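Visitor: Structure in structure tokens, see below.
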Amino acid sequence: MPTAVTDFVPADLDATSWANVEPLFDALSTREIGSGEELERWLIDRGELEAACSETRANLYISMTCDTDDADKAQAYKAFVENVAPKLKPACFELDKRQVELTERFGLDASRYGVLMRDTAAAVALFREENVPLETQLDTLSQEYQTVTGAMGVEFDGEEKTLPQMGKYQESPDRKVREEAWRVVASRRLQDKDKIDAIYDQQIALRDQIAKNAGFDDYVGYIFKAMRRFDYTPADCIAFHDAVEQSVVPLKRRLDEERRERLGVDTLRPWDLGVDPLGRTPLQPFSNGVELVSKTHECLRRLDPRLAAMFAELGDGSNDKGSANGACLDLDSRRGKAPGGYQYMRDRSRVPFIFMNAAGLHRDVETMVHEAGHAFHSMLSREDPLLHYREAPIEYCEVASMSMELLTMPHWNGAPGSYYDNEEDANRARRRQIEGSVVLLAWIATIDAFQHWIYTNPGHSRDERIGAWLEIDDRFGHAVSWDGLADEHKWLWQRQSHLWGHAFYYIEYGIAQLGALQLWVHALEQGAESAISNYIRGLTIGGARPLPDLFEATGLRFDFSGPTIANVTRRVEAELAKLPE
Numbered sequence: 005m006p007t008a009v010t011d012f013v014p015a016d017l018d019a020t021s022w023a024n025v026e027p028l029f030d031a032l033s034t035r036e037i038g039s040g041e042e043l044e045r046w047l048i049d050r051g052e053l054e055a056a057c058s059e060t061r062a063n064l065y066i067s068m069t070c071d072t073d074d075a076d077k078a079q080a081y082k083a084f085v086e087n088v089a090p091k092l093k094p095a096c097f098e099l100d101k102r103q104v105e106l107t108e109r110f111g112l113d114a115s116r117y118g119v120l121m122r123d124t125a126a127a128v129a130l131f132r133e134e135n136v137p138l139e140t141q142l143d144t145l146s147q148e149y150q151t152v153t154g155a156m157g158v159e160f161d162g163e164e165k166t167l168p169q170m171g172k173y174q175e176s177p178d179r180k181v182r183e184e185a186w187r188v189v190a191s192r193r194l195q196d197k198d199k200i201d202a203i204y205d206q207q208i209a210l211r212d213q214i215a216k217n218a219g220f221d222d223y224v225g226y227i228f229k230a231m232r233r234f235d236y237t238p239a240d241c242i243a244f245h246d247a248v249e250q251s252v253v254p255l256k257r258r259l260d261e262e263r264r265e266r267l268g269v270d271t272l273r274p275w276d277l278g279v280d281p282l283g284r285t286p287l288q289p290f291s292n293g294v295e296l297v298s299k300t301h302e303c304l305r306r307l308d309p310r311l312a313a314m315f316a317e318l319g320d321g322s323n324d325k326g327s328a329n330g331a332c333l334d335l336d337s338r339r340g341k342a343p344g345g346y347q348y349m350r351d352r353s354r355v356p357f358i359f360m361n362a363a364g365l366h367r368d369v370e371t372m373v374h375e376a377g378h379a380f381h382s383m384l385s386r387e388d389p390l391l392h393y394r395e396a397p398i399e400y401c402e403v404a405s406m407s408m409e410l411l412t413m414p415h416w417n418g419a420p421g422s423y424y425d426n427e428e429d430a431n432r433a434r435r436r437q438i439e440g441s442v443v444l445l446a447w448i449a450t451i452d453a454f455q456h457w458i459y460t461n462p463g464h465s466r467d468e469r470i471g472a473w474l475e476i477d478d479r480f481g482h483a484v485s486w487d488g489l490a491d492e493h494k495w496l497w498q499r500q501s502h503l504w505g506h507a508f509y510y511i512e513y514g515i516a517q518l519g520a521l522q523l524w525v526h527a528l529e530q531g532a533e534s535a536i537s538n539y540i541r542g543l544t545i546g547g548a549r550p551l552p553d554l555f556e557a558t559g560l561r562f563d564f565s566g567p568t569i570a571n572v573t574r575r576v577e578a579e580l581a582k583l584p585e
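Residue numbers (the numbering used here): 5 to 585.
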């Protein structure tokens, strides 16, 4: 862990209480600054104070998502969201205003501080005091969604199972088992559809009001500025949707038709999308979190020892108590654990945490190396003394994670302790990864297009929302029959948790996936060593440069236009043709 660059913030600061934090913000607000050097020290001190507050929130969030049944943990997180976070926002705004004034007065080097100055100016322009309680309500509603979904479980095969644990049945060669499992999970989700819809209705109204309070016509314009999307526009996203429809969707549906033929069924159904089309038994790359970590370390050791060394810092995968005692991993699925996966950097200690719901499936391998990529990014950029630069634009953060899914593929087998013992299973997994990497672009376009519709039509009814969803899914979705599954189809979108917790955070995956695919092609043509060197060089910059510069530093083009998508799609098809079935 890096050594502290400032002693301004007490090592034992309890940031769960505003009374403990407020004097430090006051001290920054009143400190006399007489030179550029003093301003640079002020920026570092400010960052470390915000890092302490951020890490407190991180640990509370991690504890809550790791154990949604624990009322005390839920209340602790809620207390921070309701009592500390609303006071942090105006305090940070006052510092932002002062920071803008001071940087203009002392003329800091734009090559070093340009991104910071640009981002701070945008934050000042967006802040509205009346939005603070609305943002608190949004956080509380997001927590409510986590609680609802974290409580979902089903009785199947004689046992109580979490929804992530049910995923393995979608890989069963027995179609009746797949269908029964799919229906049980879908039925369970539908039990809470109205409750989840109600949460979303409230969030849409709040987000629309936040945008209008800030002077925007709708939330789309507001969130683009709030998310610092300085390098592309809503029109670019619409063009991305069109390009995906033209290039990716035809490939996706050709693959669906090949799947239908190989399965020997008249019509492809939703429970036919996860099974091996040649009827082989499900892939079983690991049995539990400990084994997943061990095999991931072996994979990374053969890819690049620098990555393996960073991964080794995170632990052995045995922890099941969230971030208690500084733990970095909580991997196995269990009852009461929120769904999904994430990497959360604890900003003050500069130590990452990876959360996931491993159930022994290949998709868990994908999640593991994906979140490890995020952790590598956090660890490679953690030496920067400025907190702001220890974070990067999301579009580039996802390059860090998605690249690992592709660059690790050659090492999924071939040595003792690998995920797979034989080339056939590894090739099955590689085909799935390569197909998924491009087909995912269609789902990204689906969710992004849905959100554009949602927030440009904020007064819509639930029936209108369903109609928009069905139209968008018809445009980008799989070639499957939903006959007899009308409700399951109408509320399929509710499985995408980003809609509640991270509104409009999804196009980033598409931009990043195209970057990751470029890096993969670089590895194919110029070797993995060259690709990993580019990867590490780019990630080490953190967020100190604008988004296009970060892509360039990694040897990538920042481009998600039609020609780029068409070229990537053609290359994926060519590589798939080389892989044995």
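Just so it is clear, CB atoms sit at the ideal spot from N, CA and C, and this is done for glycine as well.
All values derive from a computational prediction rather than experimental measurement.
Take Glu265 as the anchor and find which of Ala483, Glu52 and Val85 has the nearest alpha-carbon.
Guide: The shortest C-alpha separation from Glu265 is found at Ala483.
Visitor: Would Ala507 pass as a contact of Phe480 if the rule is Cβ separation under 8 angstroms?
Guide: No.
Visitor: Compute the distance between the beta-carbons of Tyr2 and Leu92, then report whether it is under 8 angstroms.
Guide: Shown here, the chain extends from 5 to 585; a query on residue 2 therefore has no answer.
Visitor: With distances taken Cα to Cα, identify the nearest neighbour of Ala129 among Tyr226, Arg61, Cys332 and His381.
Guide: Residue Tyr226 is the option with its Cα nearest to Ala129.
Visitor: Quick one: is the Cβ of Arg541 within less than 7 angstroms of any heavy atom of the ligand ADP?
Guide: Absent from the structure shown: the ligand ADP. Ligands present: none.
Visitor: Run through DSSP, which three-state label would Pro309 get?
Guide: Helix at Pro309.
Visitor: Helix, strand or coil for Gln517, going by three-state DSSP, please let me know.
Guide: In the structure shown, Gln517 sits in a helix (DSSP, three-state: H, G or I).
Visitor: Using a Cβ-Cβ cut-off of 7 angstroms (strictly less than) and excluding sequence neighbours within five positions of Glu399, which residues of its own chain qualify?
Guide: The answer, listed in chain order, is Glu512, Ile515, Ala516 and Leu551.
Visitor: Indicate whether the contact test is met: 3 or more Cβ pairs, each with one atom in the segment 69-88 and one in the segment 17-36, closer than 8 angstroms.
Guide: With the cut-off at 8 angstroms, the segment 69-88 and the segment 17-36 touch.
Visitor: Note down the Cα distance separating Cys70 from Asn571, rounded to an integer number of angstroms.
Guide: Taking the straight line from one Cα to the other gives about 41 angstroms.
Visitor: Here's a check: name, in chain order, each residue in its chain whose Cβ is nearer than 8 angstroms to the Cβ of Pro356, leaving out the five neighbours to either side.
Guide: Counting only Cβ-Cβ distances below 8 angstroms, and skipping sequence neighbours, we find Leu318, Cys332, Gln347, Tyr348, Met349, Arg350, His378, Ala379, Ser382 and Met383.
Visitor: How many angstroms separate the CA atom of Leu365 from the CA atom of Ser422?
Guide: Their backbone Cα atoms lie some 14 angstroms apart in a straight line.
Visitor: Excluding five sequence neighbours on each side, which residues of the same chain lie with their C-beta closer than 7 angstroms to the C-beta of Leu543?
Guide: Within the same chain, Leu543 has close Cβ partners Phe380, His381, Leu384, Ser385 and Ala404.
Visitor: If the criterion is Cβ atoms closer than 8 angstroms, does the pair Val248 and Ala446 meet it?
Guide: Yes, these two residues count as a Cβ contact at 8 angstroms.
Visitor: Closest by CA to Val592, which one among Asp235, Gly219 and Leu53?
Guide: Nothing about residue 592 can be read from this structure; the chain reaches only from 5 to 585.
Visitor: Considering only residues of the same chain and omitting the five flanking positions on each side of His493, which have a CB-CB separation below 6 angstroms?
Guide: Result list for His493: Trp486, in chain order.
Visitor: Check each candidate in Trp495, Arg258, Phe315 and Thr558 and name the one with the smallest Cα separation from Val442.
Guide: Checked all of Trp495, Arg258, Phe315 and Thr558; the closest Cα to Val442 is Arg258.
Visitor: Does DSSP put Leu17 in a helix, a strand or coil?
Guide: Coil.
Visitor: Write down every uninterrupted run of the beta strand (DSSP E) in the segment 144-194 whose length is 3 residues or greater and which is fully enclosed by it, in chain order.
Guide: Runs of the beta strand (DSSP E) inside the segment 144-194: 157-160 and 163-166.
Visitor: What's the C-alpha gap between Ala215 and Gly559?
Guide: Each residue's Cα considered, the two are about 37 angstroms apart.
Visitor: Is the number of C-beta pairs between the segment 182-198 and the segment 97-116 that are closer than 8 angstroms three or more?
Guide: No contact exists between the segment 182-198 and the segment 97-116.
Visitor: What whole-angstrom Cβ distance do Met372 and Thr285 have, given they're in contact under 8 angstroms?
Guide: Between Thr285 and Met372 the Cβ distance is about 21 angstroms, and since that is not below 8 angstroms, they are no contact.
Visitor: By alpha-carbon positions, which one of Leu411, Glu98 and His392 ends up nearest to Val369?
Guide: Nearest C-alpha to Val369: Leu411.
Visitor: Could you check what DSSP says for Phe315 in three-state terms: helix, strand or coil?
Guide: Reduced to three states, the DSSP call for Phe315 is helix.
Visitor: Of the choices Ala75, Ile200, Arg116 and Pro177, whose alpha-carbon is the least far from that of Gly340?
Guide: Considering only alpha carbons, the answer is Ala75.
Visitor: To which residues of the same chain is Ile66 closer than 7 angstroms at the C-beta, ignoring the five residues directly before and after it?
Guide: Gly326, Ser327, Tyr348, Phe357 and Phe359, listed in sequence order.
Visitor: Decide if Ala433 is buried, meaning its Cβ has at least 16 other Cβ atoms within 10 Å, or exposed.
Guide: Buried: at least 16 other Cβ atoms inside 10 Å.
Visitor: Could you tell me the alpha carbon to alpha carbon distance between Val224 and Phe290, rounded to whole angstroms?
Guide: One C-alpha to the other measures close to 42 angstroms.
Visitor: If I measure Cβ to Cβ from His392 and keep anything under 6 angstroms in the same chain, skipping five residues before and after, which residues do I get?
Guide: Around His392: Leu120.
Visitor: Rank Ala114, Lys197, Arg179 and Val136 by C-alpha distance to the C-alpha of Leu496 and give the top, closest one.
Guide: Measuring from the Cα of Leu496, the nearest candidate turns out to be Lys197.
Visitor: Out of Gly330, Gln207 and Leu112, state which residue places its alpha-carbon closest to the alpha-carbon of Leu145.
Guide: Nearest of Gly330, Gln207 and Leu112 to Leu145, Cα basis: Gln207.
Visitor: Report all residues from its chain with a CB closer than 7 angstroms to the CB of Glu4; omit the five preceding and five following residues, and keep chain order.
Guide: With the chain covering only 5 through 585, there is no way to say anything about residue 4.
Visitor: Provide the residue span of the beta strand (DSSP E) that contains Asp2, from first to last.
Guide: For residue 2 there is no data in the structure shown, the boundaries of the chain being 5 and 585.
Visitor: My output table needs one value for Met231: the three-state DSSP class, helix, strand or coil.
Guide: If DSSP states are grouped into helix, strand and coil, Met231 belongs with coil.
Visitor: If we count the other Cβ atoms within 10 Å of its Cβ and call it buried at 16 or more, is Gln530 buried or exposed?
Guide: Classification of Gln530: exposed, given that the 10 Å Cβ count is below 16.
Visitor: Ignoring anything shorter than 4 residues or poking outside the segment 325-407, list the alpha helix (DSSP H) runs there in chain order.
Guide: As far as the segment 325-407 is concerned, its whole alpha helix (DSSP H) runs of at least 4 residues are 366-384.
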